[in-house]
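To start, the structure itself, in C-alpha cells.
There are 2 protein chains.
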Amino acid sequence: MQPLPGFRDFYPPDFAFRQLIFSRWREICRRFNFVEYDGPVLESLELYQKKSGEEILNQIYHFLDKGNRIVALRPEMTPTLARMIEAHYKEYKKPIKWFSIPQLFRYERAQKGRLREHFQLNCDIIGEADLEADIELINLAIDILRSFGLGKEDFIVRISDRQFWSEFLTKKGVAIEEWYQFFQAIDKIERDPKEEIERRLGGLAKEVFELIEKPCHWERFEVVLEGLRHRKLEEYAQIDLRIVRGLAYYTGIVYEIFDKAGKFRAIAGGGRYDDLLKLFGGEDIPAAGFGMGDVVLGEILKEKKLLEPSFPRLDVYVVFPEEKKNPLGLLLIEELRSSGFSVEYSFHPLKIKKQLAQAQSLNARFALFVSEKIAEGFVELKNMDERKQFVVPVEQLVGLLEKKD
Amino acid sequence: MQPLPGFRDFYPPDFAFRQLIFSRWREICRRFNFVEYDGPVLESLELYQKKSGEEILNQIYHFLDKGNRIVALRPEMTPTLARMIEAHYKEYKKPIKWFSIPQLFRYERAQKGRLREHFQLNCDIIGEADLEADIELINLAIDILRSFGLGKEDFIVRISDRQFWSEFLTKKGVAIEEWYQFFQAIDKIERDPKEEIERRLGGLAKEVFELIEKPCHWERFEVVLEGLRHRKLEEYAQIDLRIVRGLAYYTGIVYEIFDKAGKFRAIAGGGRYDDLLKLFGGEDIPAAGFGMGDVVLGEILKEKKLLEPSFPRLDVYVVFPEEKKNPLGLLLIEELRSSGFSVEYSFHPLKIKKQLAQAQSLNARFALFVSEKIAEGFVELKNMDERKQFVVPVEQLVGLLEKKD
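Those sequence lines, one after another, are chains A and B. Number 90 in this note's numbering belongs to position 90 of the first sequence; there are no gaps in the numbering. Number 215 in this note's numbering belongs to position 215 of the second sequence; there are no gaps in the numbering.
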C-alpha cells in the first residue's frame with residue numbers, strides 16, 4: 001500500500017530534514033519577535049469562499065461532513081489567522097507579530113512532483129499600516145533564507161505594489177469588478193503565451209507591457225528599497241511589476257522570492273492585505289504577511305547540499321552477558337535515562353559481540369558492560385571512539401558520561 | 001466566525017503549552033533511543049477498514065475526493081506506521097524504535113469538552129517479540145508522565161494481557177469470530193451497567209467477573225511486573241483484566257494509564273499487535289506500542305499546575321527619536337538579529353515614552369537608544385531590570401547583551 005497521490009511519508013531522515021527547516025524558521029522568527037500560533041487543519045468552506053481568489057477555491061479539498069457542513073482542509077492560513085485575530089483583536093498590543101507552520105492542502109490534478117500538501121511558514125504583522133512593517137517582513141524572509149546559507153547569488157525578492165496597478169486602473173477608468181481579472185492576467189505573464197495575455201488585457205496591453213519593461217518611478221518603491229538599503233539588503237531585491245500575487249485580497253506591497261537560476265517555483269510570497277480582516281469581524285485592521293513552503297525550499301537546499309540532517313549520537317549502549325540481565329543493570333539504565341542520557345540495550349539475549357555491533361551501528365559514544373560486579377558498585381565503560389575500556393564505580397558514571405566529545 | 005465544533009484554535013499561550021508537551025515528549029523519547037517519523041494526515045479509507053475495530057470505523061472522518069477515492073482524516077497512527085514499515089522493513093536494523101506526534105481525527109456526536117481532533121504521541125517498537133519490549137514501552141510511558149512532575153499518587157498503569165483471555169476463550173470453545181464481541185463487552189465493563197455486560201457475556205459472565213475480581217496468576221504478568229520492579233517502577237502499575245483495549249488488532253500485553261482520582265479519561269493506552277503488520281505486506285513482524293494524547297494530559301497538568309508556559313524575554317528594544325530613525329540604527333537591528341538576539345522596535349514614529357512602555361510590555365532585557373551619536377559609534381543601553389543606563393560603544397554591544405540574567 002502507498003500513501004495517497006501527492007502525500008508524503010516522512011521516514012526518520014525525511015522527518016529530521018523537515019525538523020531542521022522548522023527549527024531554523026522558528027529561530028529566525030524568534031529573533032524578529034514573532035510568536036507562534038496554530039489553527040484547525042479543517043475549517044468551514046465558508047471561511048475561504050468570499051476571501052480567496054477563484055484559483056484557490058477550485059483547488060480546495062472540501063467535503064460534506066456528517067453534520068451537513070461543507071468543510072475544507074485548509075488551503076491557506078490567512079483566513080484562519082483573520083478569524084482568530086478578529087475574535088480577540090482588542091486584547092492584544094499592536095502590532096501583533098505572529099507566525100505559524102501549518103500544513104496546507106490543495107487538490108490539483110496529480111502532476112509529477114506536484115504535491116497536494118506542504119508545510120508553510122506564515123509570518124504576519126497585524127495592526128500596522130506603516131511601510132516599515134512590509135520592510136520588516138521582507139527583511140525576515142531574506143534573513144531566513146540567509147540563515148540556511150543561501151546568498152544573493154541564489155535568490156531574489158521581486159517586489160511590486162498592488163496600489164501602483166490600482167492607480168493605473170483607476171486612471172484608465174476600469175470598473176473595479178474587472179480588476180481581479182486584470183491581476184489574474186498579470187499574474188500569468190510569465191507562464192502563458194504573450195498573445196494570450198494581450199488578448200486578456202485588451203486595450204491596456206501595450207501600455208502594461210511598456211510599464212513592466214521600463215524602470216518604474218513610484219515613491220512607495222523608493223521607501224521600500226531605501227529601507228532595504230539601510231539594512232544592506234538592497235542586492236537581494238528588485239522591483240518587478242509582473243508580481244501581483246493571484247489572491248484576491250492583496251492591497252499593497254506584494255513580493256515573491258525566486259531562485260536566481262529560475263529552476264524552481266516560488267520559494268516564498270506575500271504582501272499587504274489591509275481589507276481582509278474587516279470581512280471577518282467588521283473592524284478595519286491593516287495587515288501584511290508572507291508564506292514560505294517547505295517543498296521548494298527543501299529542493300533548493302538539497303540541490304545545494306546546504307542542509308544535511310544528522311541523528312544525535314546514542315550516549316550509552318548497555319551490554320549484558322548473554323545468559324542473564326542483572327536487575328541492577330536494568331535499574332542503572334533507568335537511572336541514566338532519568339539523568340538525561342540516551343541509553344539502549346538488547347531486549348532479548350544476545351551474544352556480546354552482537355551487542356557491540358549494535359552499539360556501533362547506533363553510533364554509541366560509550367558501551368557499558370554490566371556483570372556481577374555491579375553488585376559491588378562497578379561496571380566497565382568503553383569509549384567507542386578511543387576504544388579504551390576501564391572499570392569505573394557506578395557513582396562516577398554520570399560525570400564520566402557527561403564529558404561530551 | 002468560529003472554528004468548527006470540536007476543533008481548537010491555538011493562540012500563542014495555547015501553542016506554547018502544546019509545544020512544552022511536545023518537547024518533553026521528544027526529549028524523553030530521545031533518551032529511550034526512539035526516532036521521530038510522520039505520515040500523511042489523509043489516507044485511503046481502505047487502510048483502516050480491515051485493520052481497526054468497528055468503533056473507530058464508525059467515527060472516521062471520511063469523504064470522497066475528486067479522484068473518486070474514499071479518503072479519511074487519520075483516526076489513528078498505527079495503520080500508517082504499519083504501511084510505512086512494511087514497505088521498507090528489510091532496510092532497517094531491528095528493533096525499530098519510532099515515535100510520532102500526529103494530529104488524529106474522530107467524528108463523534110458533538111459533546112461538551114469532547115474534541116474531534118487531538119495530538120497523540122505514538123511510540124512503537126517493531127521487530128521485537130520479547131516481553132522486554134513491552135516493559136520498555138510501559139517504562140517509557142511512566143517516565144514521560146514523571147518528567148511532567150506526575151507521581152505514583154497521580155496515575156496508575158493498568159495492565160492486562162489479550163493472551164490471558166485468548167486462552168480462556170479457547171478453553172471455553174468460543175469461536176474466534178465471537179472474540180471481538182467478547183473483548184468489546186469487557187472493554188465496556190466500567191462504562192455500561194453490569195446487567196448489560198452480563199447479557200453480552202452470556203454463559204461466561206459469572207466466570208469472567210470472578211476472574212476479574214480475584215488476584216490473577218499468569219506467568220506473563222509476573223515477567224512484566226518483575227521487569228518494572230527491577231526498575232523501581234512497580235508502584236506505578238497494577239494488573240487489571242478489565243483492560244482489553246477496544247481495537248481489534250491487539251494480541252498480547254495491553255495497558256491503559258489513568259489518573260488515580262478517576263476524574264479524567266485515559267491518559268494513554270497501548271499494547272502488542274503482532275498480527276497487524278502482516279496484513280500490510282505479508283511479512284510476520286512482532287510489534288507493540290502506545291499512544292498518549294495531548295488533551296487529557298493537558299487537562300491534568302493544568303489542574304495540578306505542573307506546566308505553565310512562559311514566553312522568552314525580548315533581548316533588546318531599540319528606541320529611536322520620534323522624528324527620525326537613523327539608518328545606522330536600522331542596520332544595527334539587522335546585525336543584532338543576525339547575531340542571534342531578539343530585537344524589536346516601533347515601525348511608526350512614536351514618542352520615546354511610549355516606546356519604553358512597549359519595551360516594558362514585551363519584557364525586554366535591554367532598551368537601546370539610538371541617537372545621532374551612533375555615527376560616532378555610540379549608543380545608550382538601559383538594563384530594564386536594574387534601570388541603569390550607560391553610553392556604550394557599538395562594537396562592545398554583543399558582549400554586553402550576552403551576559404544573560
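Where is the CB? At the ideal position from N, CA and C, for every residue including glycine. A quick note: this is a predicted structure, and the numbers were derived from the prediction, not measured.
How is residue i classed by DSSP in three states: helix, strand or coil?
i, result
"B/Asp405", "Note that B/Asp405 scores a pLDDT of 47, beneath 50, so its modelled location is shaky; the value from the coordinates is reported in the next line. Reduced to three states, the DSSP call for B/Asp405 is coil."
"B/Asn139", "helix"
"B/Glu322", "coil"
"A/Tyr391", "It is Val, not Tyr, that sits at residue 391 of chain A in the sequence shown. In the structure shown, A/Val391 sits in a strand (DSSP, three-state: E or B)."
"B/Phe17", "helix"
"B/Ala261", "coil"
"B/Ser160", "strand"
"A/His230", "helix"
"B/Met77", "coil"
"B/Tyr89", "helix"
"B/Ala287", "strand"
"B/Gly203", "helix"
"B/Met292", "strand"
"A/Ile267", "coil"
"A/Ala133", "helix"
"B/Leu410", "Past the edges of chain B, shown from 1 to 405, lies residue 410 of chain B, and the structure says nothing about it."
"A/Leu42", "strand"
Whole angstroms is fine: what's the gap from residue i's alpha carbon to residue j's?
i, j, result
"B/Ile374", "B/Ser339", "19 angstroms"
"A/Asn383", "A/Val391", "12 angstroms"
"A/Ser310", "A/Phe119", "21 angstroms"
"A/Asp405", "A/Asp385", "Because the pLDDT at A/Asp405 is just 47, under 50, the model does not fix this residue reliably, and the point stays unresolved."
"A/Tyr255", "A/Pro79", "19 angstroms"
"A/Tyr406", "A/Ala359", "The displayed coordinates of chain A run from 1 to 405. Any statement about residue 406 of chain A would go beyond what the structure contains."
"A/Ala87", "A/Tyr37", "14 angstroms"
"A/Pro193", "B/Ile126", "54 angstroms"
"A/Arg18", "B/Tyr92", "21 angstroms"
"B/Glu136", "B/Glu178", "32 angstroms"
"A/Ser371", "A/Leu314", "21 angstroms"
"A/Glu210", "A/Phe182", "16 angstroms"
"B/Asp284", "B/Lys97", "17 angstroms"
"A/Arg8", "A/Phe15", "10 angstroms"
"A/Leu73", "A/Leu81", "15 angstroms"
"B/Phe347", "A/Glu132", "5 angstroms"
Taking its Cβ as the centre, do 16 or more other Cβ atoms sit within 10 Å of residue i, making it buried, or is it exposed?
i, result
"B/Ala261", "exposed"
"A/Asn68", "exposed"
"B/Gln238", "exposed"
"B/Arg199", "exposed"
"A/Glu219", "exposed"
"A/Ala268", "buried"
"A/Val398", "exposed"
"B/Pro5", "exposed"
"A/Leu64", "exposed"
Please list the partners that residue i has in chain B, where partner means a Cβ-to-Cβ separation under 7 angstroms.
i, result
"A/Asp275", "Those within 7 angstroms of A/Asp275 in chain B number zero; the least Cβ separation is about 17 angstroms."
"A/Asp130", "Phe347, His348"
"A/His230", "Pro327, Leu330, Leu331"
For residue i, report the span of its alpha helix (DSSP H) as first-last.
i, result
"A/Ile333", "327–338"
"B/Ala359", "352–361"
For the beta strand (DSSP E) that residue i lies in, which residues bound it at each end?
i, result
"A/Phe32", "First-last for A/Phe32: undefined, no H or E at that position."
"B/Trp98", "96–100"
"A/Tyr180", "Taken as a continuous stretch (DSSP letters only), A/Tyr180 belongs to no beta strand (DSSP E), being part of the alpha helix (DSSP H) at 179–187."
"B/Val379", "378–383"
"B/Tyr61", "61–64"
"A/Val343", "343–345"
"B/Leu241", "Per DSSP, B/Leu241 belongs to no beta strand (DSSP E) and is neither H nor E."
Mind listing the chain B neighbours of residue i? Cutoff is C-beta to C-beta under 8 angstroms, in chain order.
i, result
"A/Asn139", "Glu334"
"A/Phe10", "Tyr37, Asp38, Gly39"
"A/Glu323", "Within chain B, no residue comes near A/Glu323; the closest Cβ sits about 15 angstroms away, beyond 8 angstroms."
"A/Val318", "Result: empty, since nearest Cβ-Cβ is about 11 angstroms, beyond 8 angstroms."
What residues of chain A sit near residue i, judged by a beta carbon separation below 7 angstroms?
i, result
"B/Leu104", "Simply none; closest approach about 11 angstroms."
Which chain C residues sit within Cβ distance under 9 angstroms of residue i?
i, result
"B/Asp65", "Here chain C cannot be found, since the structure's protein chains are A and B."
Can you list the residues of chain B that residue i reaches, using a CB-CB cut of under 9 angstroms?
i, result
"A/Asp143", "Glu334, Arg337, Ser338"
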